[in-house]
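Here the structure comes first, spelled out in structure tokens, and everything after it is commentary.
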Amino acid sequence: MFVFAFVLVFLCQKSVSLPALRCSVIKTLLLSSYTLPMVGLFDIYAPQRVILLFFIKLATRPLLLIFVVYVCMIRPPAGRADTCVLRKHGWFIITYHVILVVYSVFQQFKPDSIWYPVSAYVILVWSAICPLQILRLLQADTEYWRGMGKRVCSLQNVAYHSQPRSRLQTASAVNEGISSHGIHILIETHRDLLIDFAHLELKRKIRSGNHVATFGGRLRSKKAVAVKVYTPQHFTEEVVGEFSHEAALCASLRHPNVVEFVGLCVCPPTVCLIFELCQCTLEDVLAKRGNSRERGQTTWFNHKNE
């Protein structure tokens, strides 16, 4: 139970780092040991009721499948492992529990039946496949962190084509220089500000610069946002510090006259800062005010001449 649940709990984390790994271990221990207090109480207060304890364990052990179905089929972690691979992993765990129930029944009531060793052999083979299934799931998740997912590639292509011609060779070499360690440090530092890239929809390019492109889009198909897409060559400690400082500074600014900072999106090998989308720039506002003042002065001058 621990092995099955650990991988799924780990996929629900927002980063691949030691703090996320420790958090996954603690959560999985709590999730997979819920039957221990029940068995302990029965051993203390009703040790003679073996059959009742057997059926209670048989009924409560598959409760873990609620979590499995929720993560693998109902609401998979957005942007992590492929949903198809997750569904197959979920069905693998469900099948394992079905075989385990059959094996437990034959072990308890029909130990002399031929189906008892058969079911034992089947569950042994099925358990041996488990590491391969977990490896496949982690490989699908690794594609996300290496920037090989479909969503990440689309964002990389957009950022790539937004660079000037003189920068294309530099931008194409980004994947080789990106440090995943720096990315995970950035994620752990700003966990509360993280927004999943799956919730972002880029529509039009507003402007572009050196390793930076700004796009207009929508967050969760509702809120209009401006997305600043950074594509740094190297994720050094200095670069991580700059991003962390800028994100923290933007998050601390809360004022009606200051553009709202929505969140941070880390999508290897790019980092996105998400702000509310302004309908016009400061230059446009000042230009409109200047025009209105000129019109007012002209009207006043005409009235004076009359």
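Numbered by the numbering used here, the letters in the sequence shown go through residues 87 to 392 in order. Each residue gets a CB set at the ideal place from its N, CA and C atoms; glycine is no exception.
Would you mind reading off the limits of the alpha helix (DSSP H) that contains residue i?
{"i": "residue 180", "result": "169-195"}
{"i": "residue 88", "result": "88-97"}
{"i": "residue 399", "result": "No information on residue 399 is available, as it lies outside the stretch 87 to 392 that the chain covers here."}
{"i": "residue 122", "result": "122-131"}
{"i": "residue 199", "result": "Counting along the chain, residue 199 falls outside any alpha helix (DSSP H), and DSSP gives it neither H nor E."}
{"i": "residue 152", "result": "150-155"}
{"i": "residue 329", "result": "323-338"}
Bridge partners for residue i per DSSP, in chain order?
{"i": "residue 295", "result": "298"}
{"i": "residue 309", "result": "305"}
{"i": "residue 349", "result": "360"}
{"i": "residue 369", "result": "In DSSP, residue 369 forms no bridge with anything."}
{"i": "residue 344", "result": "In DSSP, residue 344 forms no bridge with anything."}
{"i": "residue 314", "result": "300, 359"}
{"i": "residue 290", "result": "302"}
{"i": "residue 280", "result": "350"}
Take the Cβ of residue i as the centre, count every other Cβ of all protein chains shown within 10 Å, and call the residue buried at 16 or more, exposed below.
{"i": "residue 303", "result": "buried"}
{"i": "residue 129", "result": "exposed"}
{"i": "residue 356", "result": "buried"}
{"i": "residue 228", "result": "exposed"}
{"i": "residue 349", "result": "buried"}
{"i": "residue 366", "result": "exposed"}
{"i": "residue 152", "result": "exposed"}
{"i": "residue 96", "result": "buried"}
{"i": "residue 110", "result": "buried"}
{"i": "residue 344", "result": "exposed"}
{"i": "residue 281", "result": "buried"}
{"i": "residue 318", "result": "buried"}
{"i": "residue 234", "result": "Any answer about residue 234 is weak, because its pLDDT of 42 lies below 50 and its placement is not dependable; what the coordinates show is given next. Flag for residue 234 reads exposed."}
{"i": "residue 226", "result": "buried"}
{"i": "residue 339", "result": "exposed"}
{"i": "residue 150", "result": "buried"}
{"i": "residue 127", "result": "exposed"}
{"i": "residue 363", "result": "buried"}
{"i": "residue 218", "result": "exposed"}
{"i": "residue 94", "result": "buried"}
From what residue to what residue does the beta strand (DSSP E) around residue i run?
{"i": "residue 113", "result": "Premise fails: residue 113 lies in the alpha helix (DSSP H), 104-118, not in any beta strand (DSSP E)."}
{"i": "residue 359", "result": "356-362"}
Going along the chain, which residues of its own chain have a beta-carbon closer than 6 angstroms to the beta-carbon of residue i, five neighbours each way excluded?
{"i": "residue 287", "result": "303, 304"}
{"i": "residue 293", "result": "300"}
{"i": "residue 169", "result": "162"}
{"i": "residue 89", "result": "none"}
{"i": "residue 146", "result": "121"}
{"i": "residue 118", "result": "87, 88, 91"}
{"i": "residue 289", "result": "302, 303"}
{"i": "residue 316", "result": "298, 357"}
{"i": "residue 220", "result": "93"}
Within a Cβ cutoff of 7 angstroms, which residues of the same chain sit near residue i, ignoring the five residues on either side of it in sequence?
{"i": "residue 262", "result": "Unreliable positioning characterises residue 262 in this predicted model, as indicated by a pLDDT of 40, which lies under 50. The coordinate reading is nonetheless provided below. Taken in chain order, the list of residues that qualify is empty."}
{"i": "residue 222", "result": "171"}
{"i": "residue 209", "result": "185, 186, 189"}
{"i": "residue 337", "result": "279, 347"}
{"i": "residue 196", "result": "202"}
{"i": "residue 314", "result": "298, 300, 358, 359"}
{"i": "residue 361", "result": "311, 312, 345, 346, 347, 348"}
{"i": "residue 207", "result": "none"}
{"i": "residue 144", "result": "187, 190"}
{"i": "residue 124", "result": "142, 146"}
With hydrogens ignored, establish whether the beta-carbon of residue i is closer than 6 angstroms to any heavy atom of the ligand PLP.
{"i": "residue 228", "result": "Of the ligands one can find in the structure shown there are none, so the ligand PLP has no counterpart to examine."}
Under 8 angstroms Cβ to Cβ from residue i, same chain only, skipping five residues before and after it: list those, please.
{"i": "residue 307", "result": "287"}
{"i": "residue 334", "result": "276"}
{"i": "residue 215", "result": "178"}
{"i": "residue 148", "result": "183, 187"}
Stretch pair the segment 167-174 + the segment 188-205: three plus CB contacts closer than 8 angstroms: no
Three CB pairs or more closer than 8 angstroms across the segment 153-160 and the segment 195-213: no
Contact the segment 100-116 vs the segment 176-186: 3+ CB pairs below 8 angstroms: no
Any 3 or more C-beta pairs closer than 8 angstroms across the segment 107-119 and the segment 133-145: no
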